[in-house]
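The next block holds one structure in the form of C-alpha cells; read it before the comments.
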Amino acid sequence: MTQDWGKRTKLVHHGARRSQYGEVAEAIYLTQGFVYPSAEAAEARFLESGADEFIYARYGNPTVAVFEERIAALEGTEDAFATASGMAAVSGALTAMLRAGDHVVSARALFGSCLYILEEILTRYGVEVTFVDGTDLEQWRAAVRPGTKAVFLESISNPMLEVIDLKSVAEIAHAAGAMVVVDNVFTTPVFSRAVELGADVVIYSATKHIDGQGRALGGVICGTRAFIRKTIEPYMKHTGGALSPFNAWVMLNGLTTIDLRVRAQAATAQTLAEALQGDPRLARVIYPGLADHPQHVIAKAQMDGFGTVMALEVAGGKEAAFKLLNTLKVAVISNNLGDARTIATHPATTTHQRLPDDQKAALGITPGLIRLSIGLEDVADLISDFRAGLEVI
Ligand SMILES: *Cc1c(COP(=O)(O)O)cnc(C)c1O
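In this text, residue positions in the sequence shown follow my numbering: the first is 6, and each later residue adds one.
Here it is as C-alpha cells:
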C-alpha cells in the first residue's frame with residue numbers, strides 16, 4: 006500500500022502509470038483527445054468515466070493525473086486538481102465554491118493577484134469580502150458570521166513573511182461553518198501540515214517550488230474527493246484552466262527532488278539570515294526561522310521548516326536597496342520564487358508597485374525592503390555576495 010510510504014518514496018513513485026512499453030520515466034501524453042474502441046464505448050465514457058479513462062485534455066489527461074495523485078499523496082488530501090497556473094488555482098477554487106450573497110473573510114497581506122481576485126472580481130459578482138490583519142485572531146473572530154462561506158489566507162504572507170496561526174483561524178472558521186482555503190506557496194508542500202491544522206483546501210502555485218527551476222507555469226488545488234470532483238472539476242473543465250500535459254511532466258520531475266531542494270534552500274536561508282542579522286546597514290532581517298521573528302513560535306509549531314524566502318530591510322531606503330541589488334553577482338534580480346537560483350526582488354518598485362503608498366506602508370513594504378528567495382548555491386558564496394552588496398551602501 007503506497008499510503009504507508011514515506012514522503013520521499015511517494016515523491017518518486019506514487020501514482021506512476023506505465024504504458025505497454027514499461028517506460029521508466031513518466032510518459033508525456035501530449036494529446037488533446039482519446040480514441041474510443043467503439044461508439045458504445047464513447048457513449049459509456051461520456052455517461053461516466055472511470056478513474057483511468059479520459060475524454061479531453063481540458064477535463065483530464067494521464068500525465069496530469071499522475072501529477073495530481075502524487076501531490077495529493079504528499080499533501081495528505083484525498084484528491085487534487087491541476088491547473089494552468091497558481092492563479093488559475095486560486096481563482097478557480099474561490100469562484101467554484103462561492104456565489105452571490107456569500108461572505109468571505111480574507112487576510113489582507115496577499116499576493117497582488119490574489120488580492121485582485123478577492124477585492125475586484127468576487128465583489129463584482131456579489132460576494133462580500135471582509136479583510137482582516139491575518140495575525141490578529143480577534144479580527145478573524147469579529148469578521149466571521151453565519152453567511153461566511155470561506156476564509157482565505159496565505160499561510161506565510163508575501164513579502165513580509167508574517168505567519169498566520171492556521172489552527173486557530175481554522176477553529177474560528179469551522180465554528181462559523183466556513184471552509185478554510187489556504188494559499189500555501191511560501192510554506193511549500195515539503196513543510197506543510199495544513200490539513201492536520203484544519204485547512205479544507207490547500208492551493209499551490211506549482212510554478213514556484215514544485216517546478217523549482219523557474220521553467221513552467223502550473224498550479225494545483227488539493228482537497229477532499231467530494232470537493233475536487235463535485236465542486237472544482239465541473240468548474241475547471243468548463244472554464245478551461247487546465248494544466249498542459251507537458252507542464253505536468255515538468256512538475257512531476259520537480260516533485261521527485263522537491264524534498265531535497267526545499268530542505269537545502271531552507272537551511273541556507275537560516276544560515277544567511279543569521280549571518281546578516283545585526284549588520285548596521287540593515288534595519289531588519291526577516292525570516293520565520295529567526296528567534297526574533299514575531300511569529301517564530303507559531304511557525305515552529307505549524308511547519309516542518311521555515312521556508313525558503315527571507316527579507317532584508319536596508320536602512321538607507323530605495324537608493325541603498327538598489328545599490329545592494331546592482332552589486333549582487335550570485336543572486337539575480339527577478340520576481341519569481343522557489344527557484345534553484347537565489348532571486349532578489351524589490352517589492353515596492355516591482356511586485357507591489359501598483360499599491361498606493363499608504364497601503365504599502367500599512368503592509369510594511371518600505372523603500373528599503375528586499376525579498377530574497379534562496380536557491381541552491383553554496384551558502385558561503387551567498388554570504389559573500391550580500392556582504393559585498395552591503396559594503397557599497
Ligand atoms: C506566485 C504566487 C501565486 C500565483 O502563481 P502563478 O503560478 O504565478 O499563477 C499565488 N500565490 C502566491 C503566494 C504566489 O507566490
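In this text, a Cβ means the ideal position worked out from N, Cα and C, and glycines have one as well.
For R266, count the other beta carbons within 10 Å of its own beta carbon; 16 or more makes it buried, fewer makes it exposed. Which is it? buried
For G97, verify whether its CB is less than 6 Å away from any heavy atom of ligand 1.
no
For R230 and G245, what's the separation of their Cα atoms in angstroms? 20 Å
Three Cβ pairs or more, each shorter than 8 Å: is that satisfied between the region 365-381 and the region 316-328? yes
Q. Taking the alpha-carbon positions, what's the L360 to G117 distance?
A. 9 Å
If you drop the 5 nearest sequence neighbours on each side, which residues of the same chain put their C-beta closer than 8 Å to that of A77? E83, D84, A85, C227
Does the separation of the CB atoms of T273 and V195 fall below 7 Å?
no
_In chain order, what are the residue ranges of uninterrupted beta strand (DSSP E) at least 3 long that sit wholly in the region 156-243?_
184-188, 206-210, 224-228
Nearest neighbour of A3, chosen from Q364, L387, A304 [CA to CA]
Residue 3 is absent from the model: the chain starts at 6 and stops at 398.
### Message
Output needed for G224: all residues of its chain with C-beta closer than 6 Å, excluding positions within five of it in sequence on either side, in chain order.
### Response
T88, S90, G91, A93, A94, S210, A211
| Alpha carbon to alpha carbon, how far is V186 from E396? | 43 Å
Can you give me the C-alpha to C-alpha distance between E45 and L52, rounded to a whole angstrom? 11 Å
May I ask which residues mark the beginning and end of the beta strand (DSSP E) holding A114? A114 -> no beta strand (DSSP E), and no H or E assigned at all.
* Can you find a heavy atom of ligand 1 that lies under 6 Å from the Cβ of F391? -> no
Within the region 255-318, ranges of the alpha helix (DSSP H) (whole runs, at least 4 residues)
301-307
field: Cutoff 7 Å: G310 Cβ touching any chain B Cβ
entry: The displayed structure is made up of one protein chain only, and chain B is not part of it.
Where the alpha helix (DSSP H) containing E133 begins and where it ends
Not the alpha helix (DSSP H): E133 falls in the beta strand (DSSP E), residues 133-137.
Discussion item. Using DSSP's beta-bridge definition, name the partner residues of D84.
Written reply: G228
Considering only the beta carbon of each residue, do I161 and T192 sit closer than 7 Å? yes
Starting from the C-beta of A320, find all residues in its chain whose C-beta is less than 6 Å away, skip the five residues before and the five after it, and write them out in chain order.
-> R286, A288
For L222, verify whether its CB is less than 6 Å away from any heavy atom of ligand 1.
-> yes
Practice problem: State the DSSP-derived secondary structure class of G394, mapped to helix, strand or coil. | Solution: helix
Residue of T356, R376, E238 minimising C-alpha distance to L120 | T356
Nonlocal neighbours in the same chain, by C-beta distance under 7 Å from T332, ignoring five residues either side
A393, G394, V397
Residue closest to T36, alpha-carbon to alpha-carbon, out of A49, P67, W10 | P67
Residue closest to N252, alpha-carbon to alpha-carbon, out of G217, T276, D284, F232
G217
Which residues in the same chain as N341 place their Cβ atom closer than 8 Å to its Cβ, once the five residues preceding and following it in sequence are excluded?
-> T212, K213, G219, I348, S378
Note to self: For a test of your reading of the model: does the CB of M315 fall under 6 Å from any non-hydrogen atom of ligand 1? Yes or no.
What the structure shows: no
- Query: Given that a residue counts as buried once 16 or more other Cβ atoms are within 10 Å of its Cβ, and exposed if not, what is D188?
  - Reply: buried
Just checking D216 against ligand 1 - is the residue's beta carbon closer than 6 Å to any of the ligand's heavy atoms? no
Rounded to whole angstroms, how far is the Cβ of Q300 from the Cβ of E167, which I believe are closer than 8 Å? 6 Å
*Going straight from the alpha carbon of G38 to that of G20, what length do you get?*
21 Å
Where does the unbroken beta strand (DSSP E) through A349 begin, and where does it stop?
-> 348-350
Assuming Q275 contacts G294 (C-beta within less than 8 Å), just tell me the rounded distance between them.
-> 5 Å
Point to revise | Top-ranked residue by Cα proximity to T313, from V335, A269, H298 | key: A269
Check your understanding: Using the C-alpha atoms, what's the distance from R75 back to E48?
Key -> 30 Å
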